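J.:
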Amino acid sequence: MSVEFIITALVGAAAGAGGGYVLHNYISAKQVGGATDLANKILEEARKEAQAERKEYMVQAQDEILNLKKEVQSEYKDREQDIKRREVKVQEKEERLEIKTDKVTQKDSELVALEKRLSRHERGLIEKEELLDQMTAEQNHKLEEISGLTAEEAKQRLLKDIESQTSHEAAKMIRQIEMEAKETADRKAKEILASAVQRYAGDFVAENTVAAVTLPSEDMKGRIIGREGRNIRALEAATGVDLIIDDTPETVVLSAFSPLRRQIAKMALERLISDGRIHPARIEDVVKKVEQEMDVKLREIGEQATFDAGVHGIHPDLIRLLGQLQYRTSFSQNVLQHSLEVSSLCGIMAAELGLDQKKAKRAGLLHDIGKAVDHEVEGPHALIGADLAKKYGEGKDMIHAIAAHHEDQAPTTILAVLVQAADSLSGARPGARKELLENYVKRLEELEGIATSFEGVAKAYAIQAGREIRVMVDSDRVDDDQTHILCKDISKKIEENMTYPGQIRVTCIRERRSVGYAK
Numbered sequence: 000m001s002v003e004f005i006i007t008a009l010v011g012a013a014a015g016a017g018g019g020y021v022l023h024n025y026i027s028a029k030q031v032g033g034a035t036d037l038a039n040k041i042l043e044e045a046r047k048e049a050q051a052e053r054k055e056y057m058v059q060a061q062d063e064i065l066n067l068k069k070e071v072q073s074e075y076k077d078r079e080q081d082i083k084r085r086e087v088k089v090q091e092k093e094e095r096l097e098i099k100t101d102k103v104t105q106k107d108s109e110l111v112a113l114e115k116r117l118s119r120h121e122r123g124l125i126e127k128e129e130l131l132d133q134m135t136a137e138q139n140h141k142l143e144e145i146s147g148l149t150a151e152e153a154k155q156r157l158l159k160d161i162e163s164q165t166s167h168e169a170a171k172m173i174r175q176i177e178m179e180a181k182e183t184a185d186r187k188a189k190e191i192l193a194s195a196v197q198r199y200a201g202d203f204v205a206e207n208t209v210a211a212v213t214l215p216s217e218d219m220k221g222r223i224i225g226r227e228g229r230n231i232r233a234l235e236a237a238t239g240v241d242l243i244i245d246d247t248p249e250t251v252v253l254s255a256f257s258p259l260r261r262q263i264a265k266m267a268l269e270r271l272i273s274d275g276r277i278h279p280a281r282i283e284d285v286v287k288k289v290e291q292e293m294d295v296k297l298r299e300i301g302e303q304a305t306f307d308a309g310v311h312g313i314h315p316d317l318i319r320l321l322g323q324l325q326y327r328t329s330f331s332q333n334v335l336q337h338s339l340e341v342s343s344l345c346g347i348m349a350a351e352l353g354l355d356q357k358k359a360k361r362a363g364l365l366h367d368i369g370k371a372v373d374h375e376v377e378g379p380h381a382l383i384g385a386d387l388a389k390k391y392g393e394g395k396d397m398i399h400a401i402a403a404h405h406e407d408q409a410p411t412t413i414l415a416v417l418v419q420a421a422d423s424l425s426g427a428r429p430g431a432r433k434e435l436l437e438n439y440v441k442r443l444e445e446l447e448g449i450a451t452s453f454e455g456v457a458k459a460y461a462i463q464a465g466r467e468i469r470v471m472v473d474s475d476r477v478d479d480d481q482t483h484i485l486c487k488d489i490s491k492k493i494e495e496n497m498t499y500p501g502q503i504r505v506t507c508i509r510e511r512r513s514v515g516y517a518k
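Take the sequence shown: its position 475, counting from 1, is numbered 474 in numbering that gives the first Met the number 0, and each next residue is one higher.
(1) Below 8 Å, how does it come out for the stretch 374-383 and the stretch 404-420: are there three or more Cβ pairs, yes or no?
(2) Would you decide whether Lys388 is buried or exposed? Buried here means 16 or more other CB atoms lie within 10 Å of its CB.
(3) Is the beta carbon of Arg319 closer than 9 Å to that of Leu297?
(4) Taking Met266 as part of the alpha helix (DSSP H), name the residues at either end of that continuous run.
(5) Pairing CB atoms from the stretch 277-289 with CB atoms from the stretch 345-365, are three or more of them under 8 Å?
(6) On the DSSP bridge assignment, give the partners of Met57 in chain order.
(7) Using a Cβ-Cβ distance cut-off of 9 Å, determine whether Thr35 contacts chain B.
(8) Let me make sure I understand the geometry here. Which of Leu271, Tyr326, Asn230 and Ile313 has the alpha-carbon closest to that of Phe256?
(9) Quick check on the burial criterion: 16 or more other C-beta atoms within 10 angstroms. Buried or exposed for Arg78?
(10) Look at the alpha carbon of Ile82 and the alpha carbon of Lys92, and state the distance between them as a whole number of angstroms.
(11) Rounding to the nearest angstrom, what Cα-Cα distance links Val204 and Asp373 in this structure?
(12) Near Ser72, what residues of its chain come up, given a Cβ to Cβ distance below 6 Å and the 5 sequence neighbours on each side ignored?
(13) Would you call the stretch 506-518 in contact with the stretch 468-475, where contact means no fewer than 3 C-beta pairs closer than 8 Å?
(14) Under a three-way DSSP split, which group does Ile541 fall into?
(15) Please name the residue or residues paired with Val472 in a DSSP beta bridge.
(16) Could you tell me whether the stretch 241-249 touches the stretch 223-232, where touching means 3 or more Cβ pairs closer than 8 Å?
(17) If you draw a straight line from the C-alpha of Val212 to the C-alpha of Ala264, how long is it?
(18) Which whole-angstrom value is the C-beta distance of Ser338 and Leu364, which I expect to be below 8 Å?
(19) Given this structure, state the Cα-to-Cα distance separating Val477 from Ser423, to the nearest angstrom.
(20) Taking 9 Å as the cut-off, decide whether the C-beta atoms of Lys360 and Gly309 are in contact.
(21) Please check the pair Arg324 and Lys370, which I expect to be a contact at CB under 8 Å, by giving their CB distance rounded to whole angstroms.
(22) Taking DSSP as the reference, what is the three-state secondary structure of Glu447?
(23) Please report the distance separating the alpha-carbon of Val440 from that of Leu446.
(24) Check whether the Cβ atoms of Arg442 and Glu467 lie closer than 9 Å to each other.
(25) Using the three-state DSSP reduction, which class does Ala224 fall into: helix, strand or coil?
(26) Any idea if Gly312 is buried or exposed, counting beta-carbon neighbours within 10 angstroms, 16 or more meaning buried?
(27) Compute the Euclidean distance between the alpha carbons of Ala524 and Thr305, then round it to the nearest angstrom.
(28) Measuring CB to CB, does Ala461 end up less than 9 Å from Thr451?
(29) Can you give the Cα-Cα distance for Ile300 and Gly448, rounded to whole angstroms?
(30) Please report the straight-line C-alpha distance between Tyr499 and Glu393, rounded to a whole angstrom.
(31) Going straight from the alpha carbon of Pro258 to that of Ala237, what length do you get?
(32) Along the chain, where does the alpha helix (DSSP H) that runs through Arg298 open and close?
(33) Who does Ala211 pair with in a DSSP beta bridge?
(34) State the start and end residues of the unbroken alpha helix (DSSP H) segment that holds Thr238.
(35) Do Ile519 and Pro215 have their C-beta atoms within less than 9 Å of each other?
See the structure below:
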């Protein structure tokens with residue numbers, strides 16, 4: 000390769016490089032110019048957007064300034080009105096204070112005038128007191144001269160007389176208080192005992208707490224007792240009834256306060272005797288079967304009672320308790336029959352008064368429901384019955400009528416008063432309840448004794464089995480007006496001192512007799 004060629008090549012290369020450099024510079028200058036124009040456009044648009052946003056922010060700021068200005072003006076107006084109202088109140092208070100100040104000033108002047116009058120009265124009283132002391136001293140001196148006693152001696156004698164009189168009055172009062180306390184304690188004790196005995200057996204305890212079972216032979220007693228007494232113990236444990244096996248021929252006595260338990264024990268023992276198989280396991284089976292049969296029987300009795308009374312919709316458990324009343328007595332009166340009587344009487348009286356007969360009959364039928372369980376639950380049977388009625392969904396009127404029929408609660412409804420009256424009527428019916436002859440005679444004597452204890456009573460006679468007392472008054476000592484007062488006083492004393500079913504009629508008779516003889 001020659002030098003010329005190399006030089007020529009280098010020159011060509013240099014020329015090409017220079018042209019490329021020029022071309023590159025040209026292209027670069029052109030790109031820079033375009034970028035500058037683009038940048039200027041972007042800046043111009045940014046300025047326009049910034050001005051627009053600035054205008055928008057300025058408008059928003061002006062709106063906010065206007066809103067704040069309105070809020071401030073509104074708050075200012077509210078405060079201004081509040082200040083005006085307070086100014087009015089303050090002004091009113093000032094006026095009232097001025098009025099009160101005037102009144103106080105007036106009262107002060109009145110008090111000053113009153114003090115002056117009181118001072119004058121006080122001076123007058125002092126003068127009168129001095130005059131009275133002077134007159135008293137003169138009278139005491141005259142009395143001492145007349146009586147021949149000094150003031151101290153007269154004082155001692157007067158104190159002795161007063162002491163003697165007060166001692167007599169104090170002794171009389173103490174004796175009266177003691178008598179009242181004894182009477183109250185005795186009456187309360189009798190009420191408690193009567194309530195406890197009545198709850199279980201009525202007046203005839205011996206008759207109403209035992210039942211007799213006839214045996215086919217004397218040998219049956221040994222089989223009932225069993226080896227080492229195991230049969231009789233099993234029967235007593237299963238029924239809750241005491242078996243009395245004594246020398247009475249061919250008879251076993253069942254003793255229990257609960258008539259229902261006695262009936263179950265009697266039925267079970269009769270079945271065991273007729274079957275002949277008597278041992279503890281057999282006894283338990285028979286007693287259980289009898290209890291189931293008795294439960295069905297109680298429901299049938301209760302359903303029959305509700306049917307007879309015309310009462311429907313009673314809870315099944317209450318119907319069963321009604322059936323148990325068949326085996327309860329009160330003063331020897333069957334409680335279920337008594338409840339049916341009360342139900343009928345309530346219905347009759349409700350019809351007369353234009354009230355709901357069904358509701359009245361329902362209350363009368365259920366009024367003694369507490370007696371079905373009162374030997375198992377503590378408390379008066381009326382309140383127990385009310386709790387049962389509440390438990391089984393009876394209404395408030397029904398619950399109150401049951402609770403109030405013996406004054407355990409004050410009767411506040413007509414229904415409660417009806418039940419109370421019907422209960423008294425059923426118990427007061429002649430023959431409904433039995434009494435011991437001794438108690439009967441004692442009550443008649445007590446009734447006549449109360450009547451004859453009054454001054455002016457000549458004679459008194461208890462009639463109608465103690466339901467009425469006729470009082471004959473002395474016409475010379477008691478006039479017509481006093482006879483009326485005497486009748487009221489005797490009635491009140493009988494109410495306070497005697498316990499009796501129903502009511503007692505008191506009749507006071509005053510007559511004037513003139514006797515002449517024709518000859």
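Even glycine gets a Cβ: it sits at the ideal position worked out from N, Cα and C. Keep in mind it's a predicted model, so treat the numbers as computed, not measured.
T.: Reading it off the structure:
(1) yes
(2) In the sequence as displayed, the identity of residue 388 is Ala instead of Lys. By the 10 Å Cβ count, Ala388 comes out buried.
(3) yes
(4) Pro258 to Asp274
(5) no
(6) According to DSSP, which records beta bridges pairwise, Met57 is partnered with nothing at all.
(7) Checking the listed chains, one finds no chain B in this structure; it contains a single protein chain.
(8) Tyr326
(9) exposed
(10) 15 Å
(11) Confidence in Val204 is poor, its pLDDT being 48 and thus under 50, which makes the residue's placement unreliable; the coordinate value appears in the next sentence. Their Cα atoms are separated by approximately 17 Å.
(12) Looking at the sequence itself, residue 72 is Gln, so the reference to Ser does not match. Nothing meets the Cβ criterion.
(13) yes
(14) Given that the chain is displayed from residue 0 to residue 518, the structure contains no residue 541 and the question cannot be resolved.
(15) Val456
(16) yes
(17) 10 Å
(18) 5 Å
(19) 34 Å
(20) yes
(21) The displayed chain sequence assigns Leu, not Arg, to residue 324. With a Cβ gap of about 6 Å, Leu324 and Lys370 count as contacting.
(22) helix
(23) 10 Å
(24) no
(25) For clarity, residue 224 is Ile in the given sequence; the question names Ala instead. If DSSP states are grouped into helix, strand and coil, Ile224 belongs with the helices.
(26) exposed
(27) Any answer about residue 524 is impossible in this case: the structure gives the chain only from 0 up to 518.
(28) no
(29) 46 Å
(30) 31 Å
(31) 15 Å
(32) Pro279 to Ala308
(33) Val252
(34) Arg229 to Thr238
(35) Shown here, the chain extends from 0 to 518; a query on residue 519 therefore has no answer.
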